[in-house]
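Residue numbers (the UniProt record's numbering), protein chains in the order written: chain A, 1 to 267; chain B, 1 to 312. For each residue, glycine too, the CB sits at the ideal point set by N, CA and C.
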Amino acid sequence: MSAHHDVKRYPGLRPLSVLFFLYLYLPLVVVVVYSFNDNKITGVWTQFSLKWYGSALNNTALMNALKTSLLVAAIATMFATTVALLAALAIMRGKNVRFRKLSETVVNLPLLLPEIVLAVATLILFSLLGVQNGLLKLAIAHSAFCTPFAFLPIRARLQGMSMDYEEAAADLYATRWTTFRRVTLPLILPGLFSGAMLAFLISMDDFITSNMLSSGGTTTLPVYIFSLIRSGTSPELNAIASLLILASLVLATVALLVAARGGRENS
Amino acid sequence: MSDATHHGLPMQEPSHPPAGRGFWRNLPFWGLLPSWLLMAFALLVPMIIIAAVSVASRGAYGGFDWGFDLTGYRQILFNEGWSGELEFTPQYLSIILRTLGLALTTTLLCLVLAVPMAYFIANQPPARKAALVYLVTLPFWVSMILRVYAWMIILGRDGPLPRFVEFFGAPAGLSFMYNDGATLAAMVYSYMPLMVLPVFASIEKLDGTLIEAAHDLYGNRWVTLRRVILPLAAPGIISGAILVFVPALGAVLEPTLMGGGKQMMMGSLIQLQFGGGRNWPFGAAIAMTLLAFVVIVLILTARRATAKGATT
Chain A
1 MSAHHDVKRY PGLRPLSVLF FLYLYLPLVV VVVYSFNDNK ITGVWTQFSL KWYGSALNNT
61 ALMNALKTSL LVAAIATMFA TTVALLAALA IMRGKNVRFR KLSETVVNLP LLLPEIVLAV
121 ATLILFSLLG VQNGLLKLAI AHSAFCTPFA FLPIRARLQG MSMDYEEAAA DLYATRWTTF
181 RRVTLPLILP GLFSGAMLAF LISMDDFITS NMLSSGGTTT LPVYIFSLIR SGTSPELNAI
241 ASLLILASLV LATVALLVAA RGGRENS
Chain B
1 MSDATHHGLP MQEPSHPPAG RGFWRNLPFW GLLPSWLLMA FALLVPMIII AAVSVASRGA
61 YGGFDWGFDL TGYRQILFNE GWSGELEFTP QYLSIILRTL GLALTTTLLC LVLAVPMAYF
121 IANQPPARKA ALVYLVTLPF WVSMILRVYA WMIILGRDGP LPRFVEFFGA PAGLSFMYND
181 GATLAAMVYS YMPLMVLPVF ASIEKLDGTL IEAAHDLYGN RWVTLRRVIL PLAAPGIISG
241 AILVFVPALG AVLEPTLMGG GKQMMMGSLI QLQFGGGRNW PFGAAIAMTL LAFVVIVLIL
301 TARRATAKGA TT
């Protein structure tokens, strides 16, 4: 039967999908192309140049913001992933769990609230408590809204995994800790990895909360980029953006490949 | 034994369970304690406090004073004149309505683009399907602020789009920035993957024989789309719509950067009140209003989902 008679096919979807993927990628390409423009004015092309990359890499404010972002994201990822792993184990493997449904809702609550509401609420709490340390504020707030992103892949992994392995280990007199370490943990590792990657990404990407909570020495990367945009676009920004786009795409590809491989092995 | 019917089959506990240590025996308690503590401290307590601040009074030097005072809410609709009379001012009401309108339009545009794409991807051979899902997901990993910035370049003065239009005879020096359309363009672009992925997930699970059955019963493609595919994809469409609508309602970056200072949305208004504006009770009242819209949407969609579940 030719494709023409396939009732599941809708005419025009193929060209539409080409346009759709162009729409997804052209904006990113535009930024990268302009980053090689010698001219100080982004939109007016003069000639190819790498000079903005040089000035971006020598920008200490940028490097400090990057350091702050990486530090906050690392703390938040470790914290959120640990909390999420414990919660997922309790919810999916615990016996006689009271408030199972409620607990799941509580863990996922940050997903259902507009971030700006949460950000100002956290701002008020910290100002009432008199917490001054910017890094501490950011780490706590980021841990909270990163937790559901770490939780969901781990939960999905535990749900999709048969209990047979764990029961077999128990039958072979493995203690629950040994079972966890030698059976459960290796099996959920892909979920744990994608959860951690998502948490890291969400923390690195956050603007709203970081902007509300940041103080003097704790400017994160998105907050710094925002200030660069507001102060009139410097062409250096295009180079910074291009480097970050490249880093994100490489990181995402690695993460998705690992997750896909894990999915294949266990299906 | 609440889990005795895992997989729907009655299961026997291992007959010789190794004695768990304290942690494992109390797994539900120790496992859930950290998340409850974290969420209580970083989420539930702050939410209670912001509700309290929304009915507190404005402090003399910024911040707020505890007490009960509905001025924050009143200010959304009324302006107090110098002699104390209340005058209706549509200024903030129009921001609220614009926010609802823009968030709704964003959701609809994402939906219109996502459904055909999700359907197209779902019907590809496995290898190409995986590749296309990867390509849809990929831009989502790029920082939101950079994706908004890309649109500032495209639409801004001397950007590719004004140049393109100029080529067809439009006046030179155009800029498409600082209006609702620009805000919308960046919002649709930013939130698109949040719509495509859930819709794709539910279309992929859809039973292809139902489409063939619809065809056998003389349903043409459009009838099949309307009466078979869309209803079956409804769970994905609803969760995608929530995933887009909620952040779109609270958007800060897009209206601030794309809309310019005059084109505010509720999110940027709240930020302003807690930043330069220094009117915390008013900012908190707007935040509570925003939250109310989210709760209404969640209740409506939850109801709809249960109503659907009951009839099928």
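Alpha-carbon to alpha-carbon, residue j and residue i
i        : j        : result
Pro15/A  : Ile229/B : 21 angstroms
Ala150/B : Gly275/B : 26 angstroms
Asn26/B  : Asn220/B : 58 angstroms
Val136/B : Gly12/A  : 19 angstroms
Phe282/B : Leu225/B : 46 angstroms
Asn238/A : Pro162/B : 19 angstroms
Ala252/A : Phe149/A : 15 angstroms
Thr5/B   : Ala90/A  : The predicted position of Thr5/B is uncertain, since its pLDDT is 42 and thus under 50; no value can be drawn from it.
Leu291/B : Ser143/B : 25 angstroms
Thr184/A : Glu166/A : 7 angstroms
Leu228/A : Ser234/A : 7 angstroms
Leu184/B : Thr256/B : 12 angstroms
Met11/B  : Ala84/A  : With a pLDDT of 48 at Met11/B, under the threshold of 50, the modelled position of this residue cannot be trusted, and the question is left open.
Leu109/A : Phe164/B : 44 angstroms
Ile225/A : Arg93/A  : 43 angstroms
Tyr73/B  : Thr89/B  : 13 angstroms
Met163/A : Leu189/A : 16 angstroms
Ala241/A : Val32/A  : 8 angstroms
Leu70/A  : Leu135/A : 11 angstroms
Thr179/A : Pro153/A : 21 angstroms
Arg98/A  : Gly59/B  : 43 angstroms
Ser267/A : Leu111/A : Because the pLDDT at Ser267/A is just 47, under 50, the model does not fix this residue reliably, and the value given afterwards should be weighed accordingly. Their Cα atoms are separated by approximately 29 angstroms.
Arg303/B : Ser239/B : 13 angstroms
Leu86/B  : Gln75/B  : 10 angstroms
Thr218/A : Ala141/A : 14 angstroms
Ser17/A  : Val196/B : 12 angstroms
Trp82/B  : Ser57/B  : 18 angstroms
Gln273/B : Ala182/B : 24 angstroms
Met161/A : Phe167/B : 58 angstroms
Ala259/A : Gly195/A : 10 angstroms
Ile296/B : Leu158/A : 32 angstroms
Met192/B : Leu108/B : 11 angstroms
Arg182/A : Thr105/A : 30 angstroms
C-beta atoms of residue i and residue j nearer than 9 angstroms
i        : j        : result
Ile50/B  : Ile124/A : yes
Gly31/B  : Ala170/A : no
Thr77/A  : Ala199/A : yes
Lys95/A  : Pro28/B  : yes
Leu249/B : Ala103/B : yes
Leu194/B : Val244/B : yes
Leu221/A : Ala56/A  : no
Gln263/B : Arg157/B : no
Ala139/A : Ile208/A : no
Val223/A : Ile153/B : no
Met197/A : Ala247/A : no
Leu253/B : Leu232/B : no
Leu111/B : Ala241/B : yes
Ile145/B : Asp205/A : yes
Ser215/A : Cys146/A : no
Phe200/B : Ala118/B : yes
Phe68/B  : Val55/B  : yes
Leu138/B : Leu249/A : yes
Identity of the residues DSSP links to residue i by a beta bridge
i       : result
Leu86/B : Glu80/B
Arg9/A  : Partner(s): none; Arg9/A has no beta bridge.
Asp65/B : Ser57/B
Contacts of residue i in chain E (Cβ-Cβ under 8 angstroms)
i       : result
Leu22/A : The chain inventory of the structure shown lacks chain E, comprising the protein chains A and B.
At a CB distance below 7 angstroms, what residues from the stretch 219 to 240 of chain A approach chain B? Give them in sequence order. When C-beta distances to chain B are compared with 7 angstroms, the residues of the stretch 219 to 240 of chain A below that value are Pro222, Ile225, Phe226 and Ile229, in chain order.
Taking only runs that begin and end inside the stretch 186 to 234 of chain A, name each unbroken alpha helix (DSSP H) of 4 or more residues, in chain order. Under the rule that a run must span 4 or more residues, the alpha helix (DSSP H) segments found entirely inside the stretch 186 to 234 of chain A read 208 to 213 and 221 to 230.
So if I threshold CB-CB distances at 9 angstroms, which residues from the stretch 262 to 282 of chain B count as touching chain A? Per Cβ criterion, the list reads Met266, Gly267, Ser268, Ile270, Gln271, Gln273, Phe274, Gly275 and Trp280.
If you scan the stretch 28 to 83 of chain A from start to end, which runs of the alpha helix (DSSP H) of 4 or more residues do you find wholly inside it? Note on the stretch 28 to 83 of chain A: whole alpha helix (DSSP H) runs with a minimum of 4 residues are 51 to 57, in chain order.
Under 9 angstroms, CB to CB, which of the residues in the stretch 134 to 158 of chain B have a partner in chain A? Flagged, chain order: Tyr134, Leu135, Val136, Thr137, Leu138, Pro139, Phe140, Trp141, Val142, Ser143, Met144, Ile145, Leu146, Arg147, Val148, Tyr149, Ala150, Trp151, Met152, Ile153, Ile154, Gly156, Arg157 and Asp158.
Listed from N- to C-terminal order along the chain, which residues in the stretch 129 to 156 of chain A have their beta-carbon within a distance smaller than 9 angstroms of any beta-carbon of chain B? Only those residues of the stretch 129 to 156 of chain A whose C-beta falls short of 9 angstroms from the nearest C-beta of chain B are listed: Ile140, Ala141, Ser143, Ala144, Phe145, Thr147 and Phe151.
Return the chain-ordered ranges of every alpha helix (DSSP H) run that is complete within the stretch 79 to 139 of chain A and spans a minimum of 4 residues. Taking only runs of at least 4 residues, the alpha helix (DSSP H) segments lying wholly in the stretch 79 to 139 of chain A are 100 to 112 and 115 to 129.
Using a Cβ-Cβ cut-off of less than 8 angstroms, list which residues of the stretch 178 to 195 of chain B approach chain A; keep chain order. Of all residues in the stretch 178 to 195 of chain B, Tyr189 and Met192 have a Cβ within less than 8 angstroms of some Cβ in chain A.
Would you list, in chain order, the members of the stretch 47 to 69 of chain B that have their beta-carbon closer than 8 angstroms to a beta-carbon of chain A? Taking a C-beta cut-off of 8 angstroms against chain A, the contacting residues of the stretch 47 to 69 of chain B are Met47, Ile49, Ile50, Val53 and Gly63, listed in chain order.
Interfacial residues, the stretch 91 to 122 of chain B to chain A, with Cβ spacing under 9 angstroms: Listed by position, the residues of the stretch 91 to 122 of chain B near chain A (Cβ gap below 9 angstroms) are Leu113, Pro116, Met117, Tyr119, Phe120 and Ile121.
In the stretch 202 to 219 of chain A, which residues sit with their C-beta less than 8 angstroms from some C-beta in chain B, listed in chain order? Listed by position, the residues of the stretch 202 to 219 of chain A near chain B (Cβ gap below 8 angstroms) are Met204, Asp205, Phe207, Ile208, Asn211 and Met212.
Residues from the stretch 93 to 104 of chain A in contact with chain B, defined by Cβ distance under 9 angstroms: Going along the stretch 93 to 104 of chain A in chain order, one finds Arg93, Gly94, Lys95, Asn96, Val97, Arg98, Phe99, Arg100 and Ser103 with a Cβ nearer than 9 angstroms to chain B.
In chain order, which continuous runs of the alpha helix (DSSP H) of length 4 or greater are located wholly inside the stretch 249 to 299 of chain B? Entirely contained in the stretch 249 to 299 of chain B, the alpha helix (DSSP H) runs reaching 4 residues are, in chain order, 253 to 258 and 266 to 274.
Would you mind listing the alpha helix (DSSP H) stretches within the stretch 175 to 213 of chain B that are 4+ residues and don't spill past its ends, in chain order? With a minimum length of 4 residues, the continuous alpha helix (DSSP H) runs that stay inside the stretch 175 to 213 of chain B are 180 to 205.
What are the residues in the stretch 219 to 234 of chain B lying within 7 angstroms of chain A by C-beta distance? Flagged, chain order: Arg221.
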